[in-house]
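Adding 1 to a residue's 1-based position in the sequence shown gives its number in this note's numbering.
Glycine residues also receive a C-beta, built at the ideal position from the N, C-alpha and C atoms.
For clarity, every value in this text was computed on a predicted model and none was experimentally measured.
Below is one structure; the comments refer to it alone.
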Amino acid sequence: MSDLASASDRIHRFKPLQLCGASALALLGSLIILLNTPTSLLFTSTTPTGGDNPAHPVLIGSLSRALAENFSIVHYSYDLWGGFELFQFYFPFPYLVGVLLSKFFEPKLAYKLFAVLPLFLLPPAMYLGARLAGAQRVTGAVASLLAVSFLHSQGFKVWGGNAFSTLAGMVANGWAFVFGILALGLLARARIEKRFSSAASLAAAAALLSHFYIGLFLLLFGSSIFIVDLVLLLRGRERLRGLLPFYLNAAAAFLLSAWWLVPLVHYRSWAADFGGDWQWTFLSSLTKTEVVVGSLCAVLALLLIARKERGSPMLIVASVFLGLSLFLISARGIFSEIVFSNIRLWPGLYMSAYLFVIAVFDTVYARGQRLLTLAMFVMIAFLLPSEEAFYNIRGWMTWNMSGVEGKAGRADFDALVEALRKEPASRVSFESADRNNKIFGTVREFEILPWLTEHNLVEGGIVNSATLPGIPYFLQCLMSNTCAGWPRGSIMPEKNIPAGASMMHALGVNYHIASKEENQREIEASGDFEKLIQGKYTALFKKKDFAPMVEVFDGEPLQIKSADPDKLILFLPTFDDLRNQAVAVLGKNDDAHAAAKPEDVINFLAGLWYSGKHQTARGWAPRIKEANRGKVTTFFHVPKQSLPPEGFDITSKLQALPSLFIASRSYEPYPQYYSEEWENFAVVLPLAAKSSGVHQVHMAVNGYRVLANGREVDPKEPVAVEFRTLLPGQEWNSFAAVTFLPIGPGVSEFGNFIDHVYGVDQELRSGMPSDGELALPKLATADCNASVEETFHRLVLSTSCPGKPHLLKYSFYPKWHADVPIYRGVNGFMLLTPHSERTEILHQDSQVDTIAKALSALGLLWCLLAVFWRRRSALA
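Written as structure tokens, this is what we have:
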């Protein structure tokens with residue numbers, strides 16, 4: 002690269018810490034933000050509110066306790082989701098900062114500072130990043146100013162990095178950009194000096210541990226340098242030996258973060274895949290000014306690179322970086338994982354565009370041509386936020402910083418907290434009501450309750466960290482006509498207060514906060530609850546029949562081997578008889594000699610559905626309004642590659658229970674699968690009739706090819722399907738299967754669906770050719786005096802009924818171990834049969850966790866030795 006020596010000289014004269022503390026240029030952007038901050042509220046102690054903010058103090062509090070009790074960062078927390086693995090699937094490093102702040106400030110004030118500090122720290126981080134990369138001092142000042150522009154971007158408001166996102170509760174992403182920009186500068190410095198840098202490796206690891214997307218951001222930046230270096234190597238302008246020390250930074254950064262990253266990959270199936278793409282394009286999110294300035298900078302960059310102007314190496318890398326970012330977001334369809342959704346990649350792409358503008362400015366400024374430099378200053382001035390943007394952010398800051406204390410619902414909130422503090426510790430659920438955004442500051446305000454009381458929540462923040470968030474959302478839907486989330490695999494129910502009381506019991510929930518007057522009246526009228534508090538906007542109810550944390554059963558548990566255990570667990574609460582039952586859900590590869598036949602399970606569940614012992618699905622639009630809707634209700638999924646060309650044979654023996662869809666509504670793939678997945682699965686409709694022969698089957702189908710009796714048929718007219726007698730002597734004795742193969746996006750406004758299936762000449766129903774009968778064990782909790790004591794990473798089960806199945810209402814995770822097998826039960830809880838009256842269940846690291854920690858210890862030792870070696874070499 003040209004002029005690397007001069008850039009290196011500038012860096013050696015640069016003292017980062019001194020300039021960070023004293024340079025007005027570095028703090029220029031921070032000063033602008035401070036002038037637009039409601040400082041009168043900044044240092045007041047108020048209850049956090051706004052967006053997702055209420056959940057974050059709970060995480061900081063849980064982390065603080067885990068560090069104090071066991072020096073653990075990743076740990077099992079009882080606070081949310083009925084227990085979940087905190088920081089296994091979320092980003093721990095920013096919350097360590099939160100714990101540190103809580104040691105010096107009052108807790109509420111500490112969180113407020115934790116939430117807003119990224120806004121003040123990004124401008125100096127941008128300055129330092131630019132200077133570390135060899136940019137001029139004036140360029141550093143421009144970078145500090147453009148940080149303000151990035152923070153006030155209104156192209157997106159909730160996906161990370163900018164002020165809107167940070168104030169909405171995406172605090173980790175805000176911190177991640179601060180650490181990521183510093184890491185980027187340190188990596189650039191290490192490349193210029195062609196050396197290994199412990200500081201760069203540590204900063205890169207800190208950025209990765211702050212947010213996945215910043216880790217991806219740095220990976221793209223490193224790839225940009227690699228592409229440029231590859232060209233230089235091919236041209237003979239660089240030597241591989243000289244570049245190798247720099248690329249060791251990547252290995253060191255991986256080792257330093259391995260303690261978290263390796264288990265994250267290993268346990269990834271235990272995290273909820275909750276998200277999706279938006280109909281969005283990069284250009285559509287930009288303002289006209291940004292498009293014009295970006296276009297002019299692109300033209301300038303092409304001219305400067307073509308002429309090989311002074312300073313162009315930084316510009317070349319920045320250009321490649323922007324190109325790779327654009328490619329990733331446009332080619333994200335290559336990756337099926339939801340982490341590559343466009344809305345989540347957007348902030349990194351936007352920042353790479355700003356870094357590109359900074360690189361263009363530095364290259365122009367280095368030329369010394371005043372007219373072109375002045376033109377660049379004018380363009381950058383147009384990028385600065387408008388008065389409206391400053392006003393909007395100040396308003397959001399005021400809303401958040403005033404806390405619940407500044408909202409209409411303060412009296413209600415204080416009364417709820419005070420009442421819960423007087424009650425025995427248990428679990429609380431709450432109604433997700435849109436009006437709470439105005440009354441309390443956010444619809445999610447009650448997620449802060451584990452921080453303020455001894456109670457836990459079954460709902461919670463950090464949705465992707467929970468294994469089965471659809472379970473508490475199912476309860477939320479039953480107790481109200483609104484619910485917060487709808488994860489894939491969930492079929493949410495209509496409001497049903499008595500069923501909601503049953504679900505609360507099943508989840509160990511004894512308190513519920515109702516918001517809408519309609520729901521308050523229905524809950525009170527149900528007779529299942531005692532009203533503890535009646536406020537102006539909310540009411541606090543307590544279950545009269547106090548729900549235990551352990552259920553005991555008399556009889557063997559029903560074992561179900563499932564091809565998709567998560568979807569089955571999400572589905573079981575639909576049935577009134579199964580939401581609090583001894584059902585062991587096994588994976589298709591698990592060893593289970595007593596597992597029920599999949600065909601029997603399908604018939605059993607369909608029978609429960611036909612008996613009316615189920616909840617009605619919500620949230621669907623009818624396709625065809627006919628009286629016969631719902632006669633055939635059961636569909637299951639089979640991977641297309643495992644099917645013969647003629648479709649599914651009804652006599653085939655299933656090795657495990659397929660992913661099921663049972664509902665009196667249209668079959669649609671989208672509640673079950675993301676758009677990238679559903680085309681890989683065929684849909685099978687098992688049909689039962691009272692007599693054999695050919696029967697006419699009516700169906701409305703869109704987006705699927707239809708196979709029946711080994712041939713493709715046209716569903717526009719009733720389809721002739723031949724039924725075979727397979728269970729002689731039974732009422733429903735004849736069977737057939739219809740297979741639906743996806744053919745891509747549907748051609749109607751409703752997309753892809755299968756609907757309105759019924760027999761034209763004879764009544765049909767769902768069923769498989771199997772006559773086995775399944776029995777459920779009886780509840781025996783009242784006779785067994787069972788209880789559970791919870792401490793950090795330890796549960797102690799006490800019971801007078803050893804030898805009987807016990808359902809512990811704590812979310813299963815594979816790190817829990819006991820002297821007896823532990824199975825996943827209904828609602829994702831732990832099902833075990835103790836041998837003695839006292840059983841310890843311990844949360845223990847696996848071999849993968851131990852190896853990962855050893856790798857990080859090796860990485861830290863490497864960095865320390867590198868620092869020692871460099872200092873020794875300098876002295877020599």
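Nearest residue (CA-CA) to residue i, options the options
| i | options | result |
| --- | --- | --- |
| G636 | E669, E406, S466 | Note on residue identity: the sequence assigns Phe, not Gly, to residue 636. When each option's Cα is compared against that of F636, the closest is E669. |
| G295 | A252, M352, R345 | M352 |
| N71 | G462, T792, R395 | T792 |
| I663 | L385, W82, F576 | F576 |
| H888 | V365, E557, S788 | With the chain covering 2 to 877 only, the question about residue 888 has no answer from this structure. |
| S643 | L325, H76, V684 | V684 |
| R345 | K537, W160, I842 | W160 |
| S65 | L87, A585, I394 | L87 |
| D53 | T167, E723, M493, C864 | T167 |
| W347 | G156, Q582, L579 | G156 |
| V584 | A144, S285, P574 | P574 |
| Q477 | G608, L36, V510 | V510 |
| V300 | A254, W679, F357 | F357 |
| D437 | K537, V429, S427, P494 | A small correction: the amino acid at residue 437 is Asn; Asp does not occupy that position in the sequence shown. Comparing Cα-Cα distances from N437 to each of K537, V429, S427, P494, the minimum goes to K537. |
| F414 | E388, V444, S427 | V444 |
| H57 | A144, W452, L303, F649 | W452 |
Environment of residue i [buried if 16+ CB atoms lie within 10 Å]
| i | result |
| --- | --- |
| T652 | exposed |
| G528 | exposed |
| R873 | exposed |
| W961 | Given a span of 2 to 877 for the chain in the structure shown, any question on residue 961 remains unanswerable. |
| L866 | exposed |
| D435 | exposed |
| G175 | buried |
| V379 | exposed |
| P499 | exposed |
| H76 | buried |
| K496 | buried |
| G860 | buried |
| A164 | buried |
| V143 | buried |
Cutoff 6 Å; reference residue i; Cβ partners in own chain excluding five residues on either side
| i | result |
| --- | --- |
| A689 | W733, F736, R766, G768 |
| L209 | G216, S258 |
Straight-line gap, residue i to residue j (C-alpha atoms, nearest Å)
| i | j | result |
| --- | --- | --- |
| L375 | L265 | 49 Å |
| L856 | F90 | 19 Å |
| H699 | P49 | 56 Å |
| W261 | A148 | 30 Å |
| E750 | I744 | Because E750 carries a pLDDT of 47, less than 50, the predicted location of this residue cannot be relied on, and the following value inherits that uncertainty. The straight-line gap from Cα to Cα measures roughly 16 Å. |
| Q521 | T539 | 8 Å |
| G170 | F85 | 20 Å |
| R666 | G752 | 15 Å |
| I74 | A618 | 39 Å |
| K626 | M480 | Because the pLDDT of K626 is 49, which lies under 50, any placement of that residue in the model is unreliable, and the question is left without a value. |
| V459 | D274 | 18 Å |
| G704 | L728 | 33 Å |
| D762 | H696 | 6 Å |
| T634 | V602 | 15 Å |
| L876 | V868 | 12 Å |
| L843 | V553 | 20 Å |
Same chain only: Cβ atoms within 7 Å of residue i, ignoring 5 sequence neighbours per side
| i | result |
| --- | --- |
| G181 | A208, I215, F218, L219 |
| E239 | D230, L233 |
| T454 | V418, L421, R422 |
| E647 | L708, G711 |
| V318 | S225, I226, V229 |
Residues near residue i by beta carbon distance below 8 Å, same chain, minus five either side
| i | result |
| --- | --- |
| K195 | G243, L244, P246, F247 |
| G237 | none |
| V551 | T782, A787, S788, V789, L798, T800, H807, L808, L809, K810 |
| C864 | S199, S202, L203, A253, L257 |
Min CB distance residue i to chain B below 8 Å
| i | result |
| --- | --- |
| P574 | In the structure shown, chain B does not exist; there is a single protein chain. |
**Request:** Entirely within the segment 76 to 148 and at least 4 residues each: give me those alpha helix (DSSP H) ranges in chain order.
**Result:** 94 to 103, 108 to 133
**Request:** Only counting runs of 3 or more residues, tell me where the beta strand (DSSP E) segments fall wholly within the segment 694 to 737, in order along the chain.
**Result:** 694 to 703, 705 to 709, 712 to 714, 720 to 726
**Prompt:** What runs of the alpha helix (DSSP H), each 4 residues or longer, lie entirely inside the segment 500 to 564?
**Reply:** 518 to 526
**Item:** Completely contained beta strand (DSSP E) runs for the segment 568 to 646, where each covers 3 or more residues
**Value:** 584 to 588, 635 to 640
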